[in-house]
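Same order as they appear, the protein sequences are chains D and E. Under this note's numbering, think of the first position of the first sequence as -18, with each following residue one higher. Under this note's numbering, think of the first position of the second sequence as -18, with each following residue one higher. For glycine and all other residues, C-beta sits at the position ideal for the given N, C-alpha and C. The structure presented is a predicted model; accordingly, all values stated were derived computationally and were not measured.
Protein chains: 2
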Amino acid sequence: MYTPAQLQEVIENAIQNINYPAQPEKLYAPIRYIMSMGGKRIRPVLTLMAADLFEADILKAIPAALAIETFHNFTLVHDDIMDNAPLRRGKQTVHEKWGINNAILSGDVMMVEANKQLSMLHSAILKDALETFNATARGVCEGQQLDMEFEQQAIVSIPEYINMIRLKTAVLLGGAMKLGAQVAGADHNEAEQLYQFGLNLGIAFQLQDDILDVYGDPEKFGKQVGGDIIANKKTLLLLKLKELASAEDLRKLEAQSTNKDHTEKVKHITGLYNAYNIPELAGIEMRNYADKAFDALNAVKVPESRKSELLELADLLMSREH
Amino acid sequence: MYTPAQLQEVIENAIQNINYPAQPEKLYAPIRYIMSMGGKRIRPVLTLMAADLFEADILKAIPAALAIETFHNFTLVHDDIMDNAPLRRGKQTVHEKWGINNAILSGDVMMVEANKQLSMLHSAILKDALETFNATARGVCEGQQLDMEFEQQAIVSIPEYINMIRLKTAVLLGGAMKLGAQVAGADHNEAEQLYQFGLNLGIAFQLQDDILDVYGDPEKFGKQVGGDIIANKKTLLLLKLKELASAEDLRKLEAQSTNKDHTEKVKHITGLYNAYNIPELAGIEMRNYADKAFDALNAVKVPESRKSELLELADLLMSREH
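Take a look at the structure:
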């Protein structure tokens, strides 16, 4: 069995070995640029871990893992255009460096590259893999659409919010795991359990992100604590507060939303969160999804010993302070 | 055997029957909008004609035809953003109607939809079909990139220009035909001949477009005659003129490029074209590619009688005055 760190290295090497065409240089340079930015490669690692769980040769799952990682990076390129983001992992975003038109088109060709990778899978499982991949890709686009719409929308319910993060973030983790299971020849039920594992872990992870944005260790968090508060971002915390707060506190919240003094704003709104036990309530919601994830993994019929790496990775993801 | 008109109807019906999800409404409405704008549906018709050529059940080729048409429409949505185009077929473009971000994302999900369509093909030919489709999609993106670069580039050679239109326009016609042949179970050589037929016909068609933009019947052309001249567009005519013109005539051409009086500009530059026999020379180049197309179709080993509809369609395309 492989550790996540070993699989990360396998993925990095595989990415280095992708041969994009040399010309047109401006079409392919952005792909090399974003694909080599690094990151934890969590999605393709999950694909390989799922294959490894069923004792498959992980090399067989590499095309699926690369398809997932390429697709993920394609969404970063296009999302950064839509979000008007200047930086990604501390570096210029693709559209900042090459212009918006170039970023649209390089993103498009990344989607083609992802499909090319996927099509290298064995014929016998190709149709199932395509179905998983396309359903996943569709979900991610739907999630991004909802995310953009929610920014403009006055009222968003918590179920609507969870549905958005499910689509935007979690289905890709679920899809990554399911693809690995399919490559390994797991039966439909086992593949579905792994999908549920990835999906619910993804939701839990995103909810944890909302909590850490306010309550994370500023030393370890790596970005500004309270960034979501400053941006008036509709997170689980904010939506829960809106559900529970008195009319007077809602007025205070509203008044803070336009406060230009960011330190004051974060202090006041965090105070409201504390007064309504929001971090505890959000923690319960988060653990609810984490539990669902672990239940799904429990239900997978392979020897328990084979699940150790996945369990450890999930524990690690869910106990981070940053 | 089916006529192009019959197949057009088959395609229209199949497009009407595609079930896109209802939600998020703003993600899928643009897809319905652009897919129902009509047009000649030439690409999916070619896919079905290629399948019909080999006496295959054309219904089997519908997923491939829809994938091609959906991909084509996806490129229109994204190209219109890049070209800043307000209108398409006399109607608002998707980004004008729904905004740029929405248009990027709806385009992205169209690419997913195209892949979903394709994945419905029979398992036995799926891998070959994916290879054709992805190579085609990659080529189209490369062509769009070159087209954008050529706009900024002072010098473009005729071979570079032909390579650009080959990628941007012609590979999709070639790919459409090859997919039809693959669905029909044609062998590799026959599929390749049909690819060459579509590819060369596509190049000839685009070169004819360049000629008709200046020399087409204004009554029938449907757009402003001389539009390419007014926009200083690098067409085969302009590139040939730049190759052949004397230094003095090149200076005249240069002076006209900034002429704000469009009627005068079209008149003067058309005069230069005529002085250097550019329409005849461009016509020779165009027929050269048309001949290659017909040679490729000739080489396909099916009874000549089965080729009649394709020959007629190609004749029709190449003898238009508008």
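Interface criterion not met: the Cβ of residue 213 of chain D is under 8 Å from no Cβ in chain E. When C-beta atoms of the stretch 272 to 287 of chain E are compared with those of the stretch 236 to 245 of chain E, fewer than three pairs fall below 8 Å, so the two segments do not count as touching. Under a 10 Å Cβ-count criterion, residue 18 of chain E is classified as exposed, with fewer than 16 other Cβ atoms of the shown protein chains found around its own Cβ. Setting aside the 5 residues that flank it on each side, residue 44 of chain E is surrounded in the same chain by 98, 99, 101 and 102, each with a C-beta closer than 7 Å to its C-beta; the list follows chain order.
Residues of the same chain with a CB within less than 7 Å of the CB of residue 54 of chain D, apart from the 5 flanking positions on each side, are 15, 16 and 91 in chain order. The alpha-carbon of residue 123 of chain E is positioned some 17 Å away from that of residue 75 of chain D. Comparing alpha-carbon positions, the option among E:70, E:206 and E:184 lying closest to residue 268 of chain E turns out to be E:184. Between residue 11 of chain E and the set E:299, E:81, E:120 and E:-10, the nearest pair of CA atoms involves E:81.
For residue 75 of chain E, no chain D residue has a Cβ inside 9 Å of its Cβ, as the nearest lies near 13 Å away. With 16 or more neighbouring CB atoms inside 10 Å of its own CB, residue 83 of chain E falls in the buried class. Annotated as proximal: residue 182 of chain D and residue 271 of chain D, with beta-carbon spacing under 8 Å.
Rounded to whole angstroms, the separation of the alpha carbons of residue 69 of chain D and residue 30 of chain D is 27 Å.
Taking 8 Å as the threshold, the shortest C-beta distance from residue 154 of chain D to chain E does not fall below it. Assignment of residue 232 of chain D by DSSP, reduced to helix, strand and coil, places it in the helix class. Contact annotation, residue 139 of chain D with residue 261 of chain D: C-beta distance approximately 15 Å; criterion of less than 8 Å not satisfied.
In this structure, residue 163 of chain D lies near residue 113 of chain D, with their beta-carbon atoms less than 8 Å apart. Beyond the five residues adjoining it in sequence on each side, residue 2 of chain D comes within less than 7 Å, by CB distance, of 9 in the same chain, given in chain order. Going by C-alpha positions, residue 89 of chain D is about 9 Å away from residue 119 of chain E. Closest option to residue 32 of chain E, judged by alpha-carbon separation, among E:297, E:291, E:86 and E:125: E:291. Selection D:57, D:110 and D:189 evaluated against residue 159 of chain D yields D:110 as nearest (Cα-Cα).
Spatial neighbours of residue 287 of chain D in its own chain (CB-CB distance under 7 Å, excluding positions within 5 residues in sequence) are listed in chain order as -18 and 34. Among the residues of the stretch 101 to 134 of chain D, those with a Cβ less than 7 Å away from any Cβ of chain E are 104, 107, 108, 111, 112, 115, 118, 119, 122, 123, 125, 126, 127, 129 and 130, in the order of the chain. Note that the C-beta distance between residue -9 of chain E and residue 23 of chain E is not below 8 Å. Scanning its chain for C-beta atoms nearer than 6 Å, with the 5 sequence neighbours on each side dropped, one finds around residue 127 of chain D the residues 145, in chain order. In the three-state DSSP reduction, residue 72 of chain E falls in the strand class (E or B). Annotation: the stretch 18 to 46 of chain D contains the following complete segments of the alpha helix (DSSP H) (minimum length 4 residues), in chain order: 23 to 34. For residue 169 of chain D, no Cβ of chain E is located within less than 8 Å of the residue's own Cβ. By the criterion of a C-beta distance shorter than 8 Å, residue 301 of chain E is surrounded in its chain by 189 and 193, once the five residues flanking it on both sides are discounted. Here residue 157 of chain D is near residue 49 of chain D, since their CB atoms are less than 8 Å apart. Residue 207 of chain D places its beta carbon less than 8 Å from that of residue 247 of chain D.
Under the 8 Å criterion on CB atoms, residue 5 of chain D is classed as interfacial with respect to chain E.
Residues of chain E with a Cβ closer than 7 Å to the Cβ of residue 30 of chain D do not exist, since the nearest Cβ in that chain sits about 25 Å away. Residue 250 of chain D and residue 234 of chain D do touch by the CB rule: their CB atoms are close to 7 Å apart, below 8 Å. For residue 78 of chain E, the nearest beta carbon of chain D is not closer than 8 Å to its own beta carbon.
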